[in-house]
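Colleague: Numbering (this note's numbering), first residue to last: 2 to 545.
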Ligand SMILES: [Fe+2]
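#1: Cutting at 8 Å between CB atoms, please list the residues of its own chain near residue 419, excluding the five before and the five after it.
#2: Do residue 373 and residue 492 have their C-beta atoms closer together than 8 Å?
#3: Threshold first: 4 residues or longer. Then list the alpha helix (DSSP H) segments lying entirely within the region 143 to 218, N to C.
#4: Near ligand 1, which residues have their beta-carbon less than 5 Å from any of its heavy atoms, given in chain order?
#5: Please state the DSSP three-state secondary structure of residue 11.
#6: Opposite residue 533 in the DSSP bridges: which residues?
#7: Could you compute how far the alpha carbon of residue 370 sits from the alpha carbon of residue 489?
#8: Does the contact criterion of 3 or more C-beta pairs under 8 Å hold for the region 450 to 470 versus the region 319 to 338?
#9: Using only the alpha-carbon positions, how far apart do residue 272 and residue 193 sit?
#10: Suppose the cutoff is 6 Å on Cβ atoms and the five residues either side in sequence are ignored; what does the same chain contact list for residue 70 look like?
#11: Leaving out five residues before and five after residue 345 in sequence, what residues of the same chain have Cβ atoms less than 6 Å from its Cβ?
#12: Restricting to Cα atoms, I'd like to know which of 104, 481, 485 and 456 is closest to residue 475.
#13: Should residue 614 and residue 376 be called a contact, given that it needs their Cβ atoms to be closer than 8 Å?
#14: Tell me the residue span of the alpha helix (DSSP H) that contains residue 458.
#15: Are residue 269 and residue 301 closer than 8 Å when you measure CB to CB?
#16: Please look up how many angstroms separate the CB atoms of residue 398 and residue 390, rounded, as I've assumed it's under 8 Å.
#17: Using C-beta distances below 7 Å, list every residue in its chain close to residue 97, excluding the 5 sequence neighbours before and after it, in chain order.
#18: Just confirm the distance between the C-beta atoms of residue 479 and residue 447, as a whole number of angstroms; I'd bet it's less than 8 Å.
#19: So for residue 476, helix, strand or coil by DSSP?
#20: Using the C-alpha atoms, what's the distance from residue 364 back to residue 207?
#21: Suppose contacts are defined by Cβ-Cβ distances below 8 Å. Is residue 130 in contact with residue 151 by that definition?
#22: Quick check for students: name the residue ranges of the beta strand (DSSP E) that lie wholly in the region 73 to 126, counting only runs of 3 or more.
#23: Contact check, residue 57 vs residue 87 under 8 Å by CB: the rounded distance?
#24: Would you please state the rounded distance, in angstroms, between the beta carbons of residue 1 and residue 255? I believe it to be under 8 Å.
#25: Which same chain residues end up closer than 6 Å to residue 17 when comparing Cβ atoms and leaving out the 5 residues on each side of it in sequence?
#26: When the Cα of residue 342 is compared with those of 78, 136 and 101, which residue comes out closest?
#27: Per DSSP, residue 363 is paired with what?
#28: To the nearest angstrom, report how far apart residue 423 and residue 186 are at their CA atoms.
#29: Suppose you measure from the CA of residue 156 to the CA of residue 483; what does that come to, to the nearest Å?
#30: Assign residue 333 to buried or exposed, taking buried as 16 or more other Cβ atoms, counted over all protein chains shown, within 10 Å of its Cβ.
#31: When the distance is taken between beta carbons, is residue 299 closer than 8 Å to residue 307?
#32: Within its chain, find whatever has a CB closer than 6 Å to the CB of residue 542; leave out the 5 residues flanking it on each side and keep chain order.
#33: According to DSSP, is residue 495 part of a helix, a strand, or is it coil?
#34: Could I get the ranges of all uninterrupted beta strand (DSSP E) runs contained in the region 250 to 291, with 3 residues as the minimum, in chain order?
#35: Can you tell me where the alpha helix (DSSP H) with residue 369 in it begins and where it stops?
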């Protein structure tokens, strides 16, 4: 079967293509439209489809819309209820439901030739669940989904056996861990439904002073779900507005919410494990991008292994919906081959872009060696290689790289990217070198979805990547999967004796990650980056 998955309704619109059970392409619309998160998660924007991403997915596989057997849309409007019945204050939600119900017509008009009758609605949390259980390692597994909201729930706990899902619990709205975390994100002066990871980073600077309040506000229930009561955030910490500096109180509030989230996750998976006795757990939904909580689940839950979908937010439901429809249609679906499911350009195309920009460039004998030398000399490198990543993490295809041994590089990179200085940057490390440096979290960790403790002896050697609490969000690099990145890391180690390089996403403030070579040139042209490695070519910043 040829199945196109579409996520559109809330945010992070994305498309994914599954052909005969193989995930061949997945791309977020933001990478093409250059609007971060595609659109805001408001009802007025719910009609916007990931048109460009969908067209690219088809083109990349040489397919026409009429060739598709099905389009899987990751929301089922027949399961929704009016917002007031769900206890949501969302007076325009009916617009969202109208758009969802009309999605087959909208999709057919943006993909001429498509039969609107081939559009299938997949329940939102089933799509999330499939993105974890069917795209992850092939095995029977428990699955936990937590996000802001789907049709009428914010959670799903279940078990996948032989590719089919048995749902064991689902928490109905308005109770939602995702929405509660969004509320505190907004109270702390960040953009809700976008900047939740900043709350997680800020939490490391605080202590969980308000744990008692949070334990009263969030309670688990005997049916495997939970209750979230409204919290009077202003009584705990003053609302932060605009560029107000954050205070200890803000960090303590972030720490308190984060701590309670971790406790509740452990209680929820404890309930699930009691019912199934499964050894494996798969996670998806926006809450699963909380890599600190993921590490707690890895370390303290009863499961042997925890796997997290790298596009755990709503973008991943495009893939999960497609995998669900393909499986229901009788296809045996293979795990996703990696997160590099987006666009790529061959060497001739990259050289054409450089020529037309009239930039001086070179083709060194080995770009990995050249980049390692620049990093060793404390340069900042924009690294553009192969297919772009699906999901929010740069994993060595669209990355900004730096020397980890200089503490000031954290500030330098945060300046390049216009980020708050409390935000950490992450290390990439060759998989075989990781256990000596990083403990506690799962290894290998190819998708940067867990935090690890940095060994005390290493903290002074790689200070740029060590967060205030002594942790780091590691990406391990396996030379069999990422030979070029592994070679660059090896070359850097030969020059510096450090097997680690700083890796953060290649973008500037408020922009989506670089996707095309032109995006890379724009980023290089506007930010203090010393070297751009575009495929096998390098462009150097002229010295001042
Ligand atoms: Fe979701």
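Even for Gly, the Cβ is constructed at its ideal location relative to N, Cα and C.
Modeller: Once the coordinates are examined:
#1: 509, 510 and 511
#2: yes
#3: 178 to 188, 197 to 204 and 212 to 218
#4: 148 and 315
#5: Reduced to three states, the DSSP call for residue 11 is coil.
#6: 383 and 540
#7: 6 Å
#8: Because the criterion of three Cβ pairs below 8 Å is not met, the region 450 to 470 and the region 319 to 338 do not touch.
#9: 30 Å
#10: 2 and 3
#11: 387 and 388
#12: Of the listed residues, the one whose Cα sits closest to residue 475 is 456.
#13: Because residue 614 is not part of the residues shown, which for the chain are 2 to 545, the question remains open.
#14: 457 to 460
#15: no
#16: Correct: roughly 5 Å between the Cβ atoms.
#17: 10, 44 and 47
#18: 7 Å
#19: strand
#20: 48 Å
#21: no
#22: 120 to 122
#23: Actually they do not touch by this definition, with Cβ atoms about 35 Å apart.
#24: An answer regarding residue 1 cannot be provided, because it is not within the stretch 2 to 545 covered by the chain.
#25: 6, 27, 319, 320 and 323
#26: Out of 78, 136 and 101, 136 has the C-alpha closest to the C-alpha of residue 342.
#27: 539
#28: 15 Å
#29: One C-alpha to the other measures close to 34 Å.
#30: Here residue 333 is exposed, its C-beta having fewer than 16 other C-beta atoms within 10 Å.
#31: yes
#32: Here residue 542 has 531 as same chain residues with Cβ atoms under 6 Å from its own Cβ, once five neighbours each way along the sequence are excluded.
#33: Helix at residue 495.
#34: Runs of the beta strand (DSSP E) lying entirely within the region 250 to 291 and spanning at least 3 residues, in chain order: 281 to 285.
#35: 368 to 377
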